[in-house]
Structures are given as structure tokens and as C-alpha cells.
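Heads up: the sequence lines are chains F, D, Y and W, in that order.
If you're matching positions, the first sequence starts at 3 in my numbering and goes up one per residue.
If you're matching positions, the second sequence starts at 3 in my numbering and goes up one per residue.
If you're matching positions, the third sequence starts at 3 in my numbering and goes up one per residue.
If you're matching positions, the fourth sequence starts at 3 in my numbering and goes up one per residue.
4 protein chains.
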Amino acid sequence: MDFNTILKEIQDEIQKYFTKGKLPNYIPMLAQADENDFAMSLVTLDGEEYHTGCSNKKFSIQSISKVFTFTLALEHYSKELYKRVGHEPSGNPFNSLVQLEYESGIPRNPFINAGAIVTTDCLSSIYENNVFSKILDFIKKVSNDQDITFDEDIFISELGHGFKNFALINMMKSYHNIKNPIDDVIQTYFKQCSIMMNTKQLAHAMLFLANHGKDPFSKEPIISESKAKRINSLMLTCGHYDASGDFAYKVGLPGKSGVGGGIVAVVPKKMAICVYSPKLNFHGNSLIGTKALELFTTKTGLSIF
Amino acid sequence: MDFNTILKEIQDEIQKYFTKGKLPNYIPMLAQADENDFAMSLVTLDGEEYHTGCSNKKFSIQSISKVFTFTLALEHYSKELYKRVGHEPSGNPFNSLVQLEYESGIPRNPFINAGAIVTTDCLSSIYENNVFSKILDFIKKVSNDQDITFDEDIFISELGHGFKNFALINMMKSYHNIKNPIDDVIQTYFKQCSIMMNTKQLAHAMLFLANHGKDPFSKEPIISESKAKRINSLMLTCGHYDASGDFAYKVGLPGKSGVGGGIVAVVPKKMAICVYSPKLNFHGNSLIGTKALELFTTKTGLSIF
Amino acid sequence: MDFNTILKEIQDEIQKYFTKGKLPNYIPMLAQADENDFAMSLVTLDGEEYHTGCSNKKFSIQSISKVFTFTLALEHYSKELYKRVGHEPSGNPFNSLVQLEYESGIPRNPFINAGAIVTTDCLSSIYENNVFSKILDFIKKVSNDQDITFDEDIFISELGHGFKNFALINMMKSYHNIKNPIDDVIQTYFKQCSIMMNTKQLAHAMLFLANHGKDPFSKEPIISESKAKRINSLMLTCGHYDASGDFAYKVGLPGKSGVGGGIVAVVPKKMAICVYSPKLNFHGNSLIGTKALELFTTKTGLSIF
Amino acid sequence: MDFNTILKEIQDEIQKYFTKGKLPNYIPMLAQADENDFAMSLVTLDGEEYHTGCSNKKFSIQSISKVFTFTLALEHYSKELYKRVGHEPSGNPFNSLVQLEYESGIPRNPFINAGAIVTTDCLSSIYENNVFSKILDFIKKVSNDQDITFDEDIFISELGHGFKNFALINMMKSYHNIKNPIDDVIQTYFKQCSIMMNTKQLAHAMLFLANHGKDPFSKEPIISESKAKRINSLMLTCGHYDASGDFAYKVGLPGKSGVGGGIVAVVPKKMAICVYSPKLNFHGNSLIGTKALELFTTKTGLSIF
């Protein structure tokens, strides 16, 4: 397949959607993104790369960080993690307290905010004061890029406006599902959300999930094959909040979106993809990013189904 | 009626219930109460008083404070208060986040925790840094007793274990239904819960609600007649969390309980009552206190129905 | 008090509300009522009567029938009834299946549809094939009027449109909280809703609840004093669906409304009241009826608080 | 791969699980199944077949029928179907009324009971009185087997005990999401659940979903390629009620289970699988069937992830 042509077609066909969607307004810093930005990167297991748009422009990875922290925690801590976070779709918006209360503080899966906060709490128990630098190191390793850091302003902005996340963590603490001090865990969580990456880096960083858990170039195992498959299945069933079914239905690839406008997707045994466009649809996922991935699987037939 | 005899009979008949119920365990300080304590005080509008048990022993008033703060806020701030807190029974346990989320951060009534926190936030907007001393002054005034203060240890204990309340306030903040800094409001809230009073003081303090809003001795108006009636109706329909219907059904008086073991009740145009016994029933209300009030209305026929 | 003058004032003051509210549209027959109808009747324990408006015009009593069936069932069957129906406010719209499902088929109280259907099922177990005529006989007795019957057309209309009630009864059957055949119970239920009475008859029929359970004229006991008080308390906390708190707050009397436009209210030890006006407010209660009762307690001070 | 050996290994390894699980007890007829039954069939796109256990024994397909009716309805009626049924996982048990009520009568997806009932209603609008024979014809065609019928006794048993389904359909009717008479639709629905098939027939019947919508032998298109992919994605995200995430996590194949003990699964571009064993796990899916499929993907690496 000629991926350069396909990317060009996609870029043409998405133009008409730039009038749609909305920048997120609950974190002031995110509302300042450039509405016309678009980037898409494909990286294959053979090392071929295809990029279009502003693929060098960094944006905050937000919830895409959940894939990295869950991978790291699953490697070290899977038994406890399985008790403290479920793996079922949530059927409710991403920061819902309702389900959490009915289910006594056990989040439905690691890709909703509550589940990612518990995951970060697990990592805090292992790495203590070094937890954030360990998370960042892991992301640098899987990206094969040392030039990754977090944005202090976005971090501060999230910390000052993340009331729902404070509500979630306090709620889980009341059910004894948070073991470390609330302020430490939530700061680590907001820092990981504020990590800045571009579509090139993110597509690279997801390759191990397309390659049964191994770095395709160094051959180093990042996570076991069976765990890599499970992370993919979780991305498929739970990666897009209350629109996960829709994403699976229309795109047909494991993926994870962030409110920063990025979406990563994995084509098992073939490649990893990242798209970026900051305006969000009703469900809080990049509107044009979702559209672009839908066009991609339609044009290539590379859906897993 | 011979209230001395009635109190004596009640004290006899409740003895068999001392084996039942449980001290609350979510706030360590409250778990240290003396399980055998019991007190009951009646004060009539004519100034007659009847007491039995440890009616001089102070305990933390906890949620009974909600009646005082709501009265104070209603006097100054009723229009805004009606928009920010409902007046329907909650049909759910007292610290439920579920209903709050479905109803976009508007608590169902001022006598569940969320509603009382919004009430305290309203008072914080009026009194700013003096808010707690103003609340305490108000309670001293209606009790006609200057010797009332809060317990620092209980306050600290609540602050360190009140994760559900932190969850509630953060949730409401995310819906813009909290206007002042979270830490200030929650501290004032926990302080008001930690105020120490005995059954004598509390029975006195409720008299204005039995007397159409006026202090029966000084004749000073505390609140308008129509507002006094509305507070009574709220105590009847919402004063005992998820057991409000049961209390209305069995006792038939407006009342408000606190997890510290106290319950106040109002006999309109006649008297105010306070009972104290620290072990709680399944719904978080004083088990023996509820029983004693049930016996009281059965023996005297003084239910409002 | 001069009740004639008070009724006249009320009739004047409600005129401005006739433009508001809506006829119910989910049962076609009810949508045909005359929007301008208004009636109000007071009957005291001494036998004095005061009427205004179309107090001889019959309308379908709808949910007011729940008070009669609950009284009848409570007299014969209280122990089982307490296990199968709760007595807490529902905190949800009147035909909500949600709470019923969370609470395993046990309705919150006898004054929401599900609870009234269980009540009718209890009566069906006692009276078998005669159940509806026994209900009607009871209403004739408390009304002291033999000229009461149900409207066949309204009954048929409800039967053909009552899908939510069919959903409720099937749901409860699945939890084994319905003992008799579904079709029999639901028909009896819809028949009792279709009983036609005017405000005179209904005010008379409620007198025993103002008189500690006894017919004030024949002195015959209808129900025990303590049960009469409990029915009053249930009407106060649960008589108006999700607006029960509001009714208690603004009117301050035990009452029960029906979507046919009627509302009954009880002033303990003094009188019973019935108002009628067919347009409903947002919560499904007569808009002008609620207003009229609010004016009544404001003018007379006869709230129980 | 040597599928005969793999099936043999699976049959050995599942033996230890026969003590676990439970026969369903809410439909008496299903409780009479033979607890020790087990069968597994694989059919590849090339026409190779592998069977083990009682693969000729027929059982009622129950919810597996939802895949057939949804396929049939999607072919003829997709635009309306998309409005009346969602495609998100439900996050709640399979017959939950709660979500249905919160979402105004629109079921979350076609593979929960409510969604399948709406699907059957759509088919009733197209085929009117012939609807059940059209459904049966479609199943005969995709199975390439004329010898398929429904079991009258199971049908009658379901009709007499399906109160939750009656509740669901009445609820949806109240929201105008059922267009045909309730009794007709529910009878068709229970009949389709009572269709009897063995694992051989069911594996055959699913082949078109492994083959982009075409019958692999006759080459006849059953449904378009994009719709076939969407059905697979729906089976993956919603095929196992509240355990869909778990099935995706552990098995990693699109699949659909029925309370009759059958589970079908699709390996895109390769084969279709059916397992049967009547004892169910906590979530209402065949316990040994789920285990067998988990062993299958572990041994073969044929997960889609």
C-alpha cells in the first residue's frame, strides 16, 4: 500500500471537518491550542515512517499517558492491580463518580480517570519519590527519544481546575483504594497528563504494542506477549470513554485518545499510528483525529475485524 | 402531662436496647464515646425543663449543626440558597455522590452533607474570615449560653478522615456550586460539626423553631414565622438521611440527628426535645435516641399527625 | 376563622395561574378535561362544610385511590405489607423503574405507582375476585355516599396506555413481589384509578384521617389511631412524588395528589380538604390545587409545623 | 496448526472445571440440561472442520440469535436501526432497566435483551406475520442446513417466566421505541431464543462474519464487508453482557454467548468456532465454553490483538 498517498487523501478529506468540534474549556491552557492543527504519523514494524501535517509539534498527551502507566504498573504489579481496577467498559462519561460509588471505589478499567489514578497510586508505592521520573524514563525508552518532558504551565493549570479528579481520588481514598498521600498521587497524575510529545514520538512509543510487547528495533521485551494483547484489548473496549463502542465500530483498531487532541492506534503485527487535532467531539475525543483513523481503516482495510 | 414520669418510663424501657447498635468507626474520635450514655431533655415554651440521664455531658453536635447554619443562611441569603440547594428528600445515603452527579452539583436538601457544605459556603461569602465565629455566636444566642465551643481533636480527626466530604465539595466546585476556597469551607464545615453541646443546651437552642421563629423568653425574632415552618418541614422530610420517612412514620415530629449520637426534635407550639446516646442504627442515627423519641410520642400523643 | 371568605379570596388569587400548567397527555381521556375547572371543599370534624367552584363535578381520583387501598390493606395485612413496600420518600419521578431495580423489586413507599400496585396485589390475595368491589365499598363507606363508581372509558384508556405500569408490575413479578396474575392486578389497579368523585365526596372521605382513624359522625373506627397517624406521615413525606418535600415546605399538610387534578389534604384534629383543577405542574400535581392549598395554610396558619 | 490435537488438549484441560458453574434457574427448561455436556467445533474458510464432544447435540441458541436478527435487520433497515439502538457496551447486567430508563428507552446495543427486542420489532415491521419464518429461513441459509427449528416447550417456558423481558418491552413501548403489538414482538423474540442448533451448525452459520460478509462456499454476499466488520466489533465490545471486557481481555475474539450454554466466536479471515457447555459463570456465560476459547487463543495465538 502507498501510505504517502493515503495520508495525502486523508488530509484532503478531513478539511471539511475543521469547522466542527470544540476546544476543551475546562483546562484554560488547552483552550489555547491552534484549531487548525492536524498531524498524522504512521510507523511500521520495519521502521518505515509516514508523516503529514505538523508532526513535529508537541501537544500534551493527557490520557494517552494512561497506556504508559498501565503498562509499567502491569509489568511490576499485575496481581494487585487486577484487584484494584477492573477491565470492563464503563458505559458512563470518563470522570463519572456514579459507577465508582456503586462499585465501592473500584474503577471499571484503567483507561478512565479513576482507574488511571489508582494505577499511578500503584506506581507510587513501587517508586516512591522517584515515581514521576520513572514514568518519564519509561516513555523516553519506548519512544527511543530522550527529549521528552512535561509542561509546567499545563500541569499548574490542571492542578488548579481538576476538581472532578480531586473528587474521584478522595472518593477512592474513602474506600481505601488509594494507599499514598492524595496530594502526591494527584500531582504525579497531572504531571503525566502534561507530558509533551508529537505524533512521531507517540507513534514510535506505541510500536511495542503492535509487536507482541517487544521493541521492534532493539528487540528488547517491554512487556510479555500476553500482557501486550490484553492492553490492546483494553484499548479497544475502553480506550475512548463512552464512545469506545463507536470507535471500535467505525475504526476497528485498539486506540487511546487524550483531551489534548491526540489519538494513538495500534495495527497488530504491522504498525502504530498517531493523529493530532485539538478540537474535540461530544465525547471528548479529537473529532478530526477520529475521522482520520476511520478513513485510514476504510482505505486500507487494516481493521482488526 | 407528667413529663418527669414519662422520662422515667422511657429511661426504663430503653434499657434493653443498649446491646444494639454500633459506635461510628469512620471518625476515630467518635468511636471512643461511652456506649452506655443516655440523656434526654425537654424544654417547654413556658420555660419548664425536664431532664434525665447525663444531660450535662457534652458531645459533638455533628449534623445537628446543619439546622443552625441553614437558619442563619436562610435569614440572610434565601434567594440564592434556594437556587443552590433543593428541598426534596434524597432517597439515598447521606454522603451519596450519585444523586449529586445526576443533578449537576445541586444537593437535594440542606440536611445532607453536600447541602450543608453549600450552606456553609454561602455563609463564608457573607462573613468571610469571621464565618466560624459568627456560626458559634448564633448557636450561643439561640442556646442562651455563652459556654459553647468546638473540640479541636474531633475537628482534626474529621479533617483527616473526611474523604467523602472532600469528594463532595470538589464535585460541587467542578459544577461551580462552591464559591469560596475549598479548604476554607471544609474547615469551617468540620469545625461546626465538632461543636460540643449537651442535651440541655440543644433543647434550648431549638425552642425558636417550636415558637414560630421567636425566642420564647426574650421574644427576639430569630427567623420569620414562615421560614421557621419551612425549616420544620425540612427536618421532617429530610432530617434523618435515608431513614427520614421512617422517623416521620414512627416519631411524627420534625427532627435532626447527628452521628455524634444526638437527635433534636420540635413539638410545634409546645416544646423542644434533645436525646443523646452514641450507638447508631443502620442508617447512622442514634438507635436509642430514635427509640426514646418514638416512646415519647406514643406516650404523649404529641405527634404532629 | 371565616372559611367562606378565605375560600373566596383563594378563588380570586388563583385566577392568574389558569394560563399555566398542562393537561396530562399520556392518557388521552384525561387530556379532555376542562382547563378552567376549579373546586375546593373543606369539611370539619364538626360537620361544617365550605365549598367553592364546581364542587359537584366528578373527576377521576387517580392516585388519591392509593390512600384508600393502603388504608384497607394496612388494616388487614400490615405485617406482610411492611415487608413488601417501604415507607421512605422515593427521590425519583413517580413511575421510576431505576430505584425499583436497585432495591430488588421492593417499592420505596405505597404512594408511588409500584407501591400502590403491590398494595392492590395484597388486597387481591385477601378478597380474590371481589377485590375491586371491596375497594369501592370501602370508599363508599368513608365517603358516606353510595353513589360512587368508576369510569369505563378512562379505565380502558389507561389500560391501553399504561406501558410503564405494565413494566413496573412485570419487574416486581420477576422479583416475586407480585403474587396474583399480572393482568388481574393491573386491571384492578387501573379501575381504582378510574373511580369518579367530586371534591365534596373526597373531603368527606378523608375525615377519618383527621380524626385519629375514626369516622367523626358515626364514631366507627376505620383504622387504629397509630395507623392513621402513620398514613398521615406517609402522605406528608411521600404524597406528591418528587415534589413531596416542596409540598411539605410550602403547604405543610399531609396530602395526596392525583393526575386527574385532585389533591386531598388533612388538617389533623380539625378538617379535611379537597381541591380540583386539571392542569398539572412539572411534577404531575395540580398546579392551581397546590397553589390554593399554599394560600390556605398561609391565610389560616393551619400548617402542622 | 494441528487443530485436532489442540481440541483434544482443550477437552483434557477443561475437565477440572466441570464441578464449577451453575445451570440457569430462571427458565425451568434450561435447568434440565446435562451438566457434563461439552462440544467444540471449528470450521475454516477452506471448509475444513474439527469437532470434539457432543457436536451433534442441539441446544437452544438463546442470545446467539441476536447476531442473526441484527444481521438481518442491519441489511434492510440500518438507518432506522441506528436511531433506535446504540452500539456502546452497557456496563450493566444484561436485562437492566436502569440504563434503559436513563437513556429514554434507547437500548445501549443490539446484544443486550432490550436491544435485541427492538431489533425483532424492526424485523416485525418489515416482515409482518412472516417474521419468525423469515428469521428461521435466514438462519437455515447461513447454516446451509434446512433441519433447524425451535423448541415449543422452551418457548412456552420462556414466555411464562420472562417477566423482565415483558418489563423491558413495556418500558420501551412507553418511550415509543416499539412499533408493533407487544405480544407479537415478544413471542417472536422468545421463539428465536428457542431455536435449537448444535455446535457444527452454529460454527457454519458464523462463517460469513469471518469472511467479510460473504458465504465462503457459495460466495453469496450475506451482508456488506463494512457491516460484517461492524457486527464483529459489536460482538467484541458487547457480546458478553457485563463480562464483554473480560472476554476481549482473555479470549481476544469477537463472540456471542447465550444462556443455553453456547458461545460462538469469529477469527477474522480464518474460521468460526462454536463451543457448548450448559453450566454458566457468574455473568451468565458458559463457564467451560469461555475457558475453552481462552485455551484456544492461548494455544494458537489466533487472538485479533
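All C-beta atoms, glycine included, are put in the ideal place defined by N, C-alpha and C.
By DSSP, does H163 (chain F) sit in helix, in strand, or in coil? helix
Quick check on D217 (chain F) - is its C-beta less than 8 Å from some C-beta in chain W? no
Taking the Cβ atom as the reference point for each residue, do A311 (chain F) and L102 (chain F) lie within a distance shorter than 8 Å? Any property of residue 311 (chain F) remains undetermined from this structure, which presents chain F solely from 3 to 307.
Rounded Cβ spacing between M208 (chain F) and A274 (chain F) (contact assumed at less than 8 Å): 4 Å
Using a cut-off of 8 Å between C-beta atoms, extract the partners of N182 (chain W) located in chain Y. Within chain Y, no residue has its CB atom less than 8 Å from the CB of N182 (chain W), the nearest being about 13 Å off.
Anyone know if the C-beta pair for S43 (chain Y) and T292 (chain Y) falls short of 8 Å? No, Cβ-Cβ distance for S43 (chain Y) and T292 (chain Y) is not below 8 Å.
Could you pull out every unbroken beta strand (DSSP E) segment of at least 3 residues lying fully inside the segment 267-295 of chain W, listed in chain order? 273-278
In terms of residues, what are the limits of the alpha helix (DSSP H) holding Y129 (chain W)? N115 to Y129
Does the pairing of the segment 122-132 of chain W with the segment 170-186 of chain W give three or more beta-carbon distances under 8 Å? yes
Tell me the DSSP secondary structure of E90 (chain Y) in three-state form. Note: E90 (chain Y) maps to coil in three-state DSSP.
Please list, in chain order, the chain F residues whose beta carbon lies closer than 7 Å to that of Y251 (chain W). H89, R232, S235 and L236
Min CB distance T239 (chain Y) to chain D below 8 Å: By this cut-off, T239 (chain Y) is an interface position.
Here's a check: name, in chain order, each residue in its chain whose Cβ is nearer than 7 Å to the Cβ of F192 (chain F), leaving out the five neighbours to either side. F157, E160, L161 and G164
Runs of alpha helix (DSSP H) wholly within the segment 194-227 of chain D (minimum 4 residues, chain order): 201-207 and 209-212
Straight-line gap, P109 (chain Y) to D248 (chain Y) (C-alpha atoms, nearest Å): 21 Å
K231 (chain F) - DSSP class collapsed to helix/strand/coil: DSSP places K231 (chain F) within a helical segment (H, G or I) once states are collapsed to three.
What residues are listed by DSSP as bridge partners for H53 (chain W)? DSSP output for H53 (chain W) lists W:S43 as bridge partner(s).
With respect to the alpha helix (DSSP H) encompassing S135 (chain Y), which residues constitute its N-terminal and C-terminal limits? V133 to S145
Residues of the segment 145-170 of chain D in Cβ contact with chain F at a cutoff of 7 Å, in chain order, please. F165, K166, F168 and A169
Can you check whether the C-beta of G254 (chain D) is within less than 8 Å of a C-beta belonging to chain Y? Answer yes: the Cβ-Cβ gap between G254 (chain D) and chain Y drops below 8 Å somewhere.
Is the Cβ-Cβ distance between F298 (chain D) and I12 (chain D) less than 8 Å? Yes, the Cβ-Cβ distance between F298 (chain D) and I12 (chain D) is below 8 Å.
According to DSSP, what are the bridge partners of F61 (chain W)? W:M199
Beta carbon of V120 (chain F) nearer than 8 Å to that of V69 (chain F): no
Among F:G55, F:S176 and F:T73, which has the Cα closest to the Cα of A118 (chain F)? F:T73
Using the beta-carbon count (16 or more within 10 Å), is G241 (chain F) buried or exposed? buried
Distance between G264 (chain W) and L282 (chain W) (C-alpha atoms, nearest Å): 10 Å
Alpha carbon of L32 (chain F) to alpha carbon of C195 (chain F), nearest angstrom: 12 Å
Could you check what DSSP says for F152 (chain D) in three-state terms: helix, strand or coil? strand
Taking Cβ-Cβ distances shorter than 9 Å, what residues in chain Y pair up with E105 (chain W)? The premise fails here: E105 (chain W) is roughly 11 Å from chain Y at the closest Cβ pair, so nothing lies under 9 Å.
Shorter than 8 Å from the beta carbon of G247 (chain W) to some beta carbon of chain F? Yes, G247 (chain W) lies at the interface with chain F (some Cβ there is under 8 Å from its Cβ).
Chain-ordered neighbours of N111 (chain D) on chain Y, where CB pairs are closer than 7 Å: G247
Starting from M31 (chain W), find everything on chain Y with Cβ-Cβ shorter than 7 Å and list it in chain order. Chain Y residues near M31 (chain W): none, gap ~17 Å exceeds 7 Å.
Any chain D beta carbon closer than 8 Å to M208 (chain F): no
Straight-line Cα distance separating Q34 (chain W) from Y129 (chain W): 34 Å
Supposed contact pair D147 (chain D) and Q203 (chain D) - C-beta distance, whole angstroms, cut 8 Å: 5 Å
So G257 (chain D) is in the alpha helix (DSSP H); what residue range does that whole segment cover? That residue, G257 (chain D), is in no alpha helix (DSSP H); its beta strand (DSSP E) goes G257 to S259.
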